[in-house]
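Q: Please see the structure below; I have some questions.
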Amino acid sequence: MRNILIIGATSAIAEATARCFAASGARFYLTGRNTEQLAAIARDLEIRSGQPVAQEILDLDELDTHPALLERASQALGAIDVALIAHGTLPDQQACQQSVALTLAAIHTNALSVISLATLLANSFETRGRGTLIAISSVAGDRGRQSNYVYGAAKGMISLFLQGLRNRLSSKGVQVITIKPGFVDTPMTAAFEKKGFLWAQPDQIAQGIAAAVDRGRDEVYLPWFWRWIMMLIVHIPEGVFKRLKL
Amino acid sequence: MSAAATSRAPSSWGHSPSSHPYQIAACCNRQTPIPPTDSRSCLPFGNGRSYGDVCLNNNGILLLTRGLDRFIAFDPATGILRAEAGVLLSEILALIVPQGWFLPVTPGTQFVTLGGAIANDVHGKNHHIAGSFGCQIRAFELLRSDNSRRLCTPEQNTGWFRATVGGLGLTGLITWVEIQLQRIANPWIIAENRRFASLDEFLTLDAGYETRYPYIVSWIDCAATGKTLGRGIYMAGMHAPPGLRKSPPPERRALTVPFTPPVPLVNQLSVPWFNRLYYHLPRPVRGLTPYQPFFYPLDNLLNWNRLYGRQGFFQYQCVISPAGTREALLEILARIAASGQGSMLAVLKRFGTKTSGGLLSFPRPGVTLALDFPNRGQPTLDLLEQLDEVTRQAGGAVYPAKDARMSGDSFRQYFPQWQEFSRYIDPRFSSSFWQRVMGD
């Protein structure tokens, strides 16, 4: 039985991942913004796991609430074994280009709040000498592209930050996992035309995350083929890349 | 959830007719109203396992319900389960079987949603004792496009209940469902197989087995002619009693048909040979089997519908009233065998007398026959129209969940309560099926 904290539990990927964890025995502490959705998900996980599920509504943009949140979660669960940081927004790139405020807000939600939580969790895991920290980054963070570089920059910051954390904590018994999904068919991407093999279901991503925890992986592209696609994209010379419509 | 549980492309199981919704809207919160639309109609779309066009809404809006997939309440002491309408039966089984419960009624695939099971008032191998899925419902909530919500039970809002059970998704969106499960001692089934050489032998066998076994279904060789006409295999089963077997069944690894072959693999050459082999294949008379292969033999071959090629296939399922059963079935079987168009998947089963009261429910007393037909265009449609003639004369009916071609006249004869039903249709809901059978 693992004690699992899920931040951003109403995201489609987080919910699907929680179900994978529930199948192998888990107790949950969930946070989210939508009261109705969070209650429905908590009830569902209670039935699937056979364990009571704790939940709280929280706006993660307020960074100074983070220490108290982790305090409450630790108390409710006893100790946190696995923390999944899954919250995020998909900002409107066009709108961000015209507004510094929107750009910074997107960076705040998608990067700074994640860094705040990851720091606090990492320190508490380090003290205990164990724990698994999972954060959802994105393939969009591997290279800046004109179609979504605000989102990409935030995700890129997370990826780099987690790399450093992993480097710092690998000898301390703490596992840090960066998840880099490709295109996923979720409400967050509702505005896209979802055709073709590049689009994955949240369930596939969730199974990949659960497997990454079991196998002690570091950085996981989901589905797997994105590792090779991104390897190609990252290696295109900048002189060529800047002319591409991506 | 499994790979089979995802179905993004809104097509029906028979891949025929092809359809293009104007818009797709995913439902993922049961508390939110139905999304506003322009003048176009909406239709709930579950997991796309109905065969024809009852789950399609050409040029309209499809409300994808698979996102409503949460359990709401389950009491392991009483076996009462409440869940959102987009939950698959396979997901329910994964939860309840280890806790000693089973679905009260299950169709031949576990990859249907709860909402779809109600909308088509599906039936299973135990219809002769348990009735259809609609007979097992304690309650459900119906959300209408005017944002009203109705709690429907067999005693409360009964008109809405009877219209929605078997109502093909036209009366509104079912948000959640509460059903009563049945107790089981373990996941095993005691199964018995008997060959029958003719339809008469089937009818005699059936009379003897119906009282002893809760689950009965027969495979019938639709390529057989002359003296072998109506031969098949009779399969009966019951849940194994406590103590008979302790270990859980082995995990089955599902195979998949990875792509649609350019030539249909189900054809005039393969079917008679397959059927001959299947009929004569030695099989144990009595044995223990896990519940999955007994109830869901085809679920282990994901995307089997692709074997029919790009043209897809039709399924024809009719029920013939007890009075005319023998003659009408012989006539239907003879016509199919003569046409050489049938497939290996042909099923025979006697329905019981218990009904859900659904205004458009298909199951009714009599014998039901279900067969697949590779879509060969007009010759196939002509054959199915001939079969409809026999069904109409015998006072039978054809199952809308399987249908993509019956005429409006046939529909109105098969479902005489259609006028009463249509008073309950949500003014903003419609389907390709409904426009087809009401259009001519």
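Just so you know, the protein sequences line up as chains A and B, in that order.
Each residue of the first sequence is one higher than the one before, counting from 22 in the numbering used here.
Each residue of the second sequence is one higher than the one before, counting from 94 in the numbering used here.
Just so it is clear, CB atoms sit at the ideal spot from N, CA and C, and this is done for glycine as well.
From a predicted model like this one, the values you see are computed outputs, not experimental measurements.
Strictly by DSSP, which residues pair up with I272(B)?
A: L174(B) and I230(B)
Q: For Y401(B), which of helix, strand or coil comes out of DSSP?
A: helix
Q: Going straight from the alpha carbon of S238(B) to that of G265(B), what length do you get?
A: 7 Å
Q: Does I538(B) come within less than 8 Å of chain A when only Cβ atoms are used?
A: Limits of chain B in this structure are 94 at one end and 533 at the other, which puts residue 538(B) out of reach.
Q: Rounding to the nearest angstrom, what Cα-Cα distance links F407(B) and I257(A) in this structure?
A: 50 Å
Q: Based on DSSP bridge pairs, tell me the residues matched to A439(B).
A: L464(B)
Q: Report yes or no: is there a C-beta of chain B within less than 8 Å of the C-beta of R64(A)?
A: Chain B contact via Cβ: present.
Q: From the beta carbon of P208(A), is the nearest beta carbon of chain B less than 8 Å away?
A: Yes, contact with chain B.
Q: Do P223(A) and I34(A) have their C-beta atoms closer together than 8 Å?
A: The beta carbons of P223(A) and I34(A) sit closer together than 8 Å.
Q: Give the DSSP-derived three-state secondary structure of T124(A) in the structure shown.
A: helix
Q: Using a C-beta cutoff of 8 Å, does Q72(A) count as contacting chain B?
A: no
Q: Which two residues bound the contiguous alpha helix (DSSP H) that contains F526(B)?
A: S525 to G532
Q: Per DSSP, which one or two residues make a beta bridge with N286(B)?
A: Note: N286(B) sits in a beta bridge opposite M328(B).
Q: Could you work out which residues of chain B lie near R69(A), taking near to mean beta carbons separated by less than 8 Å?
A: F164 and L188
Q: In this structure, how does DSSP classify D168(B) when only helix, strand and coil are distinguished?
A: strand
Q: Alpha carbons only, please: which of I157(A), S95(A) and V205(A) is nearest the one belonging to V241(A)?
A: I157(A)
Q: Should A61(A) be flagged as near chain B, meaning a C-beta pair shorter than 8 Å?
A: yes
Q: Taking N398(B) as the reference, which of L358(B), G380(B), F388(B) and L370(B) has the closest Cα?
A: For N398(B), the nearest C-alpha among the options comes from L358(B).
Q: Between the segment 508-517 of chain B and the segment 423-442 of chain B, do at least 3 Cβ pairs fall closer than 8 Å?
A: no
Q: So with Cβ pairs under 8 Å, would you call I27(A) a contact of chain B?
A: No, no contact with chain B.
Q: Assign N188(A) to one of two classes, buried (16 or more other C-beta atoms within 10 Å of its C-beta) or exposed (fewer than that).
A: exposed
Q: Return the CA-CA distance between Q167(A) and P112(A), expressed in angstroms with no decimal places.
A: 13 Å
Q: When you check each C-beta in the segment 119-133 of chain B against every C-beta of chain A, which residues fall closer than 9 Å?
A: A119, C121, N122, R123, Q124 and T125
Q: Quick check on the burial criterion: 16 or more other C-beta atoms within 10 angstroms. Buried or exposed for N150(B)?
A: Buried.
Q: Tell me whether the beta-carbon of V103(A) lies closer than 8 Å to the beta-carbon of I25(A).
A: yes
Q: Would you decide whether N240(B) is buried or exposed? Buried here means 16 or more other CB atoms lie within 10 Å of its CB.
A: exposed
Q: Tell me Q408(B)'s beta-bridge partners as DSSP assigns them.
A: D465(B)
Q: The alpha helix (DSSP H) spanning T130(A) covers which residue range?
A: No alpha helix (DSSP H) contains T130(A), which DSSP labels as neither H nor E.
Q: Specify the secondary structure class of V310(B) as computed by DSSP and reduced to three states.
A: In the structure shown, V310(B) sits in a strand (DSSP, three-state: E or B).
Q: Do G262(B) and A212(B) have their C-beta atoms closer together than 8 Å?
A: yes
Q: Under a three-way DSSP split, which group does C148(B) fall into?
A: coil
Q: Cβ-heavy atom distance between F167(B) and the ligand GTP below 7 Å?
A: Summarising the ligand content, the structure contains no ligands, and the ligand GTP is consequently not present.
Q: Examine chain B for any beta-carbon lying closer than 8 Å to the beta-carbon of Q76(A), and answer yes or no.
A: No, Q76(A) does not count as interfacial toward chain B.
Q: Find out if the Cβ-Cβ distance for the pair S524(B), V147(B) is shorter than 8 Å.
A: yes
Q: What residue ranges within the segment 360-404 of chain B form continuous beta strand (DSSP E) runs of no fewer than 3 residues, ordered along the chain?
A: 379-383
Q: Does the beta carbon of E259(A) come closer than 8 Å to any beta carbon on chain B?
A: It does not: the Cβ of E259(A) has no partner Cβ on chain B nearer than 8 Å.
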